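Going down the list, the sequences are from chains A and B. For the first sequence, the working numbering gives the first residue as 1079, with consecutive numbering after it. For the second sequence, the working numbering gives the first residue as 1079, with consecutive numbering after it.
2 protein chains.
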Amino acid sequence: MTIAHPPKPDTALWVYAHPRRDSLNDRLLQAGTKALAQRYEVTVSDLYAQGFDPVLSERDLGDLADRPGNIAELAGDAYANGRLPADVREEQAKLAAAELLVVQFPLWWYGPPAILKGWFDRVLTSGFAYDDTDPELGVPRRYGDGGLVGRKALVVVTAGEDERSIGPRGISGDLDSLLFPITHGVLWYVGIEALDLHVVHDADSLGAEGVEEQVDRLVARLDGVAGERPRLFRRLRDGEYAGTRALREDLLPGRTDLGIHLADRG
Amino acid sequence: MTIAHPPKPDTALWVYAHPRRDSLNDRLLQAGTKALAQRYEVTVSDLYAQGFDPVLSERDLGDLADRPGNIAELAGDAYANGRLPADVREEQAKLAAAELLVVQFPLWWYGPPAILKGWFDRVLTSGFAYDDTDPELGVPRRYGDGGLVGRKALVVVTAGEDERSIGPRGISGDLDSLLFPITHGVLWYVGIEALDLHVVHDADSLGAEGVEEQVDRLVARLDGVAGERPRLFRRLRDGEYAGTRALREDLLPGRTDLGIHLADRG
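#1: My guess is that Ile1193 of chain B and Ala1231 of chain B are in contact by the Cβ rule of under 8 Å, so how many angstroms apart are they, rounded?
#2: Does the distance from the CB of Pro1085 of chain B to the CB of Pro1132 of chain A come in under 8 Å?
#3: Among A:Asp1088, A:Gly1160, A:Leu1185, A:Arg1145, which one has its Cα closest to the Cα of Leu1102 of chain A?
#4: Let's test the definition: count the other Cβ atoms within 10 Å of the Cβ of Thr1080 of chain A and tell me whether it reaches 16, buried, or not, exposed.
#5: Please compile the residues from chain A whose C-beta is within a distance smaller than 8 Å of the C-beta of Pro1246 of chain B.
#6: Taking only runs that begin and end inside the region 1237-1280 of chain B, name each unbroken alpha helix (DSSP H) of 4 or more residues, in chain order.
#7: Taking 8 Å as the cut-off, decide whether the C-beta atoms of Leu1300 of chain B and Ala1156 of chain B are in contact.
#8: Any C-beta of chain A sitting closer than 8 Å to the C-beta of Trp1186 of chain B?
#9: Grouping DSSP H, G and I as helix and E and B as strand, with all else coil, what is Phe1130 of chain A?
#10: Note down, in chain order, each residue of its chain lying with its Cβ closer than 7 Å to the Cβ of Ala1304 of chain A, except the 5 sequence neighbours on either side.
#11: Who are the near neighbours of Gln1292 of chain B in its chain, counting only those whose CB is closer than 6 Å to its CB and skipping five residues on each side?
#12: Assess, as a yes-or-no matter, whether the region 1092-1102 of chain A is touched by the region 1172-1189 of chain A under the definition of 3 or more beta carbon pairs within less than 8 Å.
#13: Whole angstroms are fine: how far does the CA of Asp1138 of chain A sit from the CA of His1339 of chain A?
#14: Between which residues of its own chain and Gly1238 of chain A is the CB-CB distance below 6 Å, once the five residues before and five after are set aside?
#15: Where Arg1200 of chain B and Ser1123 of chain B are concerned, what is the direct C-alpha to C-alpha distance, given to the nearest angstrom?
#16: Would you say Val1181 of chain A lies against chain B (beta-carbon separation less than 8 Å)?
#17: Per the DSSP calculation, Glu1287 of chain B is bridged to which residue(s)?
#18: Straight-line CA distance for Ala1341 of chain B to Leu1275 of chain A?
#19: Shortest alpha-carbon distance to Arg1145 of chain A belongs to which of B:Arg1099, B:Ala1109, B:Gly1248?
#20: Please report the straight-line C-alpha distance between Pro1259 of chain A and Lys1195 of chain A, rounded to a whole angstrom.
#21: Which whole-angstrom value describes the C-beta separation of Thr1203 of chain B and Lys1172 of chain B, a residue pair presumed to lie in contact below a C-beta threshold of 8 Å?
#22: I'd like the list of long-range same chain contacts for Val1264 of chain B, defined as Cβ closer than 6 Å, with 5 residues on each side in sequence excluded.
#23: With H, G and I counted as helix, E and B as strand and the rest as coil, what does DSSP make of Trp1197 of chain B?
#24: Below 8 Å on the Cβ atoms is my guess for Ile1249 of chain B versus Leu1257 of chain A; work out the distance and round it to an integer in Å.
#25: Tell me the DSSP secondary structure of Gly1337 of chain A in three-state form.
#26: Contact defined as beta carbons within less than 8 Å: I believe Leu1296 of chain B pairs with Ala1109 of chain B. What is the distance between those atoms, to the nearest angstrom?
#27: Looking only at its chain, what residues have a beta carbon closer than 6 Å to the beta carbon of Ala1174 of chain B, apart from the 5 residues adjacent to it on each side?
#28: Excluding five sequence neighbours on each side, which residues of the same chain lie with their C-beta closer than 6 Å to the C-beta of Ala1158 of chain B?
#29: Which residue's Cα is closest to the Cα of Gly1129 of chain B: A:Glu1136, A:Ala1272, A:Gly1189?
#30: With the cut-off set at 8 Å, would you say Gly1222 of chain B and Trp1266 of chain B are in Cβ contact?
#31: Using the beta-carbon of each residue, which ones in chain B are nearer than 8 Å to Leu1314 of chain A?
Structure below.
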């Protein structure tokens, strides 16, 4: 099984989606990238600073603009033809090189800010990040496979809410489920293995001392990140969703929560 | 309990987030708004056609730009001072008037396109859509309460995947859970009651006849939408999350899936 884009060892990409300097997120970014630079060559995609345009549109299609069809499929064709816009190609090159991906954002409306959602929408094109059915495997190159296999990702998220509001049975829904569309739907879909979420709770009420504690906690996490084991989901190609694309009835029978898609770590 | 923005009876806002004319989504929009116009005065927010900017930034803050603090809180202050940008004020006015909200989008990376996510990020400011603790109630005006209470919403979503892939136990996660950040985290948070999702599966492979069937199905749904009962979630103010903000231990003990937040329809 070939890896479409073999990462460069000890190279990291830090994708950052917060608008404000001198914010908690800015502190975490500065301290985090510095800590990571002890071991990795770190590239930062500071989406606000770059003025990244998150809106997937005809502009993404090069000479295929306005051609009938599905825009995501056409973007895949534009990738194949080398006609994606320069900003997308640049992000793809950074991502292709990175062995470790850090994605940092404040939780807005229980998801990523639009500028980050649009980075997924525009950068992770067909052909680059995932692919149609592999003739040899008989299944699509998705969910634990794909163009970006062999990478790990750390999601760093700040939330105004406390640990209980956004924990299991919390009124906002537990954060692992709320971010399943990213950890599983985006990252795992293209072959990237997400580590446990790094969550900063009560982000708007930490106080100066609390901020320092959170900075230290992130730095400590990053110091050990190379040795961390990811939270693997089940792979499409392993046959556990055989036939119907629903989880086989003999596996965790009766359960319908998102947790059924986690594989054992053993 | 006052309603901050009483809706105008028989007024609907259709928020549309798809880039392409002559697409399945365009067909659903055209037929859907026409059907709805039999009963409602319909306004359309066609986010791509409007060139809506989804990036919440200093520009949203008026004269509070670059002031230290949390950008969402500052946007709430800008709302209170009448200093939000014109495009946001216009969307807020449309939403404030509408009794029924339709939100239509293609599922991209298991969530809304960035242009729609940013509509939530920018339009649903503090003060307008939700509020801090009510002194009389002793709880925040959120989750089943808030500035937009008294409204219903229909989420219309097209997905390339089949019903099984994205159903209960489906490899992509079930769509009700994947869109919980919208139905619960956005809509219910600000007091809007979501109806059952309207999902068009296999959206990229319907063929001409399949498209007509889906158009008819949406029209039929909209013909009866005024009489539909919403899928209510639990209200923060009802005491079921008392004290800890986690669901009381005597309610559905042991369960941690997102379904625990649904209230009985009875």
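C-beta atoms are modelled at their ideal positions from N, C-alpha and C, and glycine is treated no differently. All values derive from a computational prediction rather than experimental measurement.
Looking at the coordinates:
#1: That belief does not hold up - the Cβ atoms of Ile1193 of chain B and Ala1231 of chain B are roughly 18 Å apart, past 8 Å.
#2: no
#3: A:Leu1185
#4: Low local confidence applies: a pLDDT of 49 at Thr1080 of chain A is under 50, so the model's placement there is unreliable, and no value is given.
#5: Ala1324, Thr1334
#6: 1253-1256
#7: no
#8: yes
#9: coil
#10: Arg1117
#11: Val1278
#12: yes
#13: 33 Å
#14: Ala1281, Asp1282
#15: 14 Å
#16: no
#17: Answer is none; Glu1287 of chain B lacks a bridge partner.
#18: 29 Å
#19: B:Arg1099
#20: 11 Å
#21: No, Thr1203 of chain B and Lys1172 of chain B are not in contact; Cβ-Cβ is about 14 Å, not under 8 Å.
#22: Phe1198
#23: helix
#24: 18 Å between Cβ atoms; not a contact.
#25: helix
#26: 7 Å
#27: His1083
#28: Gly1205
#29: A:Glu1136
#30: yes
#31: Ile1249
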